[in-house]
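Report on the following structure.
Protein chains in written order, with the numbering used here: chain Y, 41 to 361; chain W, 158 to 458.
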């Protein structure tokens, strides 16, 4: 109560004060400015200035010509993109792999977190967790190398085991079968990230009020009932938020796995937008078309991310990023 | 009836749970152990197949070939150099920027935060970025590994969030003692940020160590700028569909000397181990930091 009048009187004057003394304050903040503004110039050059390059998507860009000599073609590149069979296929692959990765990624991480949470022995739990994060820190080069070894036709463990168990008579060339490709990519993602992705769910599970479990036990609930009625509802909000946020990245199916595991035989199912951009832009020199594809991707992502943020806020949580 | 159910249920569940966990551990660890075994097995013997967890014909030739002073050895040191230099620079600059935007009185606090945060939502894309690197004459230069990724918005926000949890009195008393902002940052804030900096350092270093795409894109024509991951990538793509030792390897010089024993498959296994080893060694010690850091990262604005 006592402080209310003080706030009332000090607020307007403080506001006027800041307006008046910005220059004065800047003079007192020379060191802060020296510490931050050069870095900001760097950020503008590396993150903002390249957006100028988007003009290429509206031209028939030729590196030999100056900017004023470029031929402007309006939306021709974009129109071409959406009539181009390759691009539409690449778009399908990107969305398809993204969705599969997301579904598998979510389900495995949640199941793993719940199962891990049931382990009471600290050392055992910690060991499993340590092992499970490990692949997250390895490069995709190593991981795809491992995947290729594992699925190899001569001596790959998967074919070995399947043959010894009698499921197949001769080794399957997994990486040369177009219809296995999306699954292999999803499997590689799960292998690499399941432990890491589970961290956030584990944290959410630990923050559930223990008295809920105690109450349920008194009511005679068994383990499955507790999981279904306490644990899952307890992490529901974080799952929904993460799911919505991830939808924003739907065109980011990744690049490395598909590029490294893909080959001529599966090309129709393996190429993503990023690979399309790389191939058309830097390898074939069609800079304008590649830039247009890149802009399309960024535009869709930004729209989805902001929409996702809005929806996530409606679920009563703050923005996550 | 009821007691029986109560006793049977945990046993069934725990056995199921244990099986899942052991399966997960095996599926995660087996490829490493297998690669390790192959890397210590003679290349011409590996071709016969049947190497699982233990080498059959023990040899160190594969590692000798890697470190024999050829291209791969050079690439190893380039990888080390880029990781160390970029991590140190990135940590210093990112935390300095984070310190300035943690100062509530700073005039440019808001605009800087907005400009940085926006970079998380979009990027100009591959082609415009490539042209920027080209125009800055960074193509085929070692600096292309260091300069482009120095400031990450995510890391900056994580560090800033941490600085804001430090007691304000520390900074005030430093100021009263006559220290400027730079002195305050260097001698008080930077040392106190050690836990969060450890997390960020891990992320930056792992990213640098694992990176191959920048080499591929910006420096692939310069042999002496190749990195370990890039060498591994070249080996992978050359031998993925031909497991025979006839596959031509790009690391030719290192291999010619010991051709009988070393094949692309075995040398690939050795490089995989060499490039995974630093991470495997460091990461158990970093675990408490990065789990904490993950949680810090999800603390929003």
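Beta carbons: idealized from backbone N, C-alpha and C, even for Gly.
Three or more beta-carbon pairs separated by less than 8 angstroms link the stretch 177–189 of chain W to the stretch 158–173 of chain Y, which places the two stretches in contact. For residue 354 of chain Y, no Cβ of chain W is located within less than 8 angstroms of the residue's own Cβ.
In terms of Cα proximity to residue 374 of chain W, the closest of W:250, W:286, W:433 is W:286. If you ignore the 5 residues before and after residue 320 of chain W, its C-beta comes within less than 7 angstroms of the C-beta of 255, 256, 259, 346, 350, all in its own chain and listed in chain order.
Shown here for residue 150 of chain Y: same chain residues with a beta carbon closer than 6 angstroms to its own, the five before and five after excluded, namely 241 in chain order. The beta-bridge partner set that DSSP reports for residue 99 of chain Y consists of Y:112.
Distances from the alpha-carbon of residue 239 of chain Y to those of Y:102, Y:61, Y:146, Y:345 put Y:146 closest.
For residue 224 of chain W, there is no enclosing alpha helix (DSSP H), as DSSP marks it with neither H nor E.
Taken atom to atom, the span from the alpha-carbon of residue 253 of chain W to that of residue 366 of chain W is near 23 angstroms. Taking all protein chains shown into account, residue 429 of chain W has 16 or more neighbouring C-beta atoms within 10 Å of its C-beta and is therefore buried.
Close to chain W, meaning a Cβ-Cβ distance shorter than 8 angstroms, are the following residues of the stretch 171–191 of chain Y: 171, 172, 173, 174, 175, 177, 178, 179, 180, 181, 182, 184, 185, 186, 188, 189, 190. For residue 162 of chain Y, the uninterrupted alpha helix (DSSP H) run begins and ends at 162–173, by DSSP. Residue 255 of chain Y is outside the set of residues whose beta carbon lies under 8 angstroms from a beta carbon in chain W. Per DSSP, reduced to three states, the secondary structure at residue 209 of chain Y is coil, with no helix or strand assignment.
Within the stretch 224–271 of chain W, the complete alpha helix (DSSP H) segments of 4 residues or longer fall at 228–259, listed in chain order. Residues of the stretch 366–386 of chain W with a Cβ closer than 8 angstroms to any Cβ of chain Y, in chain order: 366, 367, 368, 369, 370, 374, 386. For residue 299 of chain Y, the enclosing alpha helix (DSSP H) starts and ends at 296–301. Taking 8 angstroms as the threshold, the shortest C-beta distance from residue 212 of chain W to chain Y does not fall below it. Residue 326 of chain Y sits in coil when the DSSP states are folded into three classes, being neither helix nor strand.
Distance check between residue 183 of chain Y and each of Y:115, Y:274, Y:232, Y:226 places Y:232 closest, using alpha-carbon atoms only. Within 7 angstroms of the CB of residue 278 of chain W, the CB atoms of chain Y belong to 342, 345, in sequence order along the chain. Collapsing the DSSP output to three states places residue 280 of chain W in coil. Interface criterion not met: the Cβ of residue 329 of chain W is under 8 angstroms from no Cβ in chain Y.
In this structure, the beta-carbon distance from residue 141 of chain Y to residue 348 of chain Y does not fall below 8 angstroms. In the DSSP assignment, residue 252 of chain Y falls within the unbroken alpha helix (DSSP H) covering 250–258. Distances from the alpha-carbon of residue 266 of chain W to those of Y:319, Y:77, Y:245 put Y:77 closest.
Looking at the backbone, the Cα of residue 187 of chain W and that of residue 436 of chain W are separated by about 17 angstroms.
By the rule that beta-carbons nearer than 8 angstroms mark a contact, residue 91 of chain Y touches chain W. When the five nearest sequence neighbours on each side are left out, the beta carbons in the same chain lying within less than 6 angstroms of the beta carbon of residue 306 of chain Y are those of 218, 221, in order along the chain. 337, 338, 339, 342: these are the residues of the stretch 317–348 of chain W whose beta carbon lies less than 8 angstroms from some beta carbon of chain Y, given in chain order. The shortest CA-to-CA distance from residue 107 of chain Y to any of Y:93, Y:118, Y:119 is the one to Y:93.
CA-to-CA, the gap between residue 103 of chain Y and residue 284 of chain W works out to about 12 angstroms. Closer than 7 angstroms at the C-beta level to chain Y, one finds these residues of the stretch 428–446 of chain W: 429, 432, 433, 436, 440, 441, 444. The C-beta distance from residue 222 of chain W to residue 419 of chain W rounds to 5 angstroms, short enough to fall under 8 angstroms.
Using beta-carbon distances, residue 259 of chain Y does not count as an interface residue toward chain W, since no partner is under 8 angstroms.
The C-beta of residue 115 of chain Y comes no closer than 8 angstroms to any C-beta of chain W.
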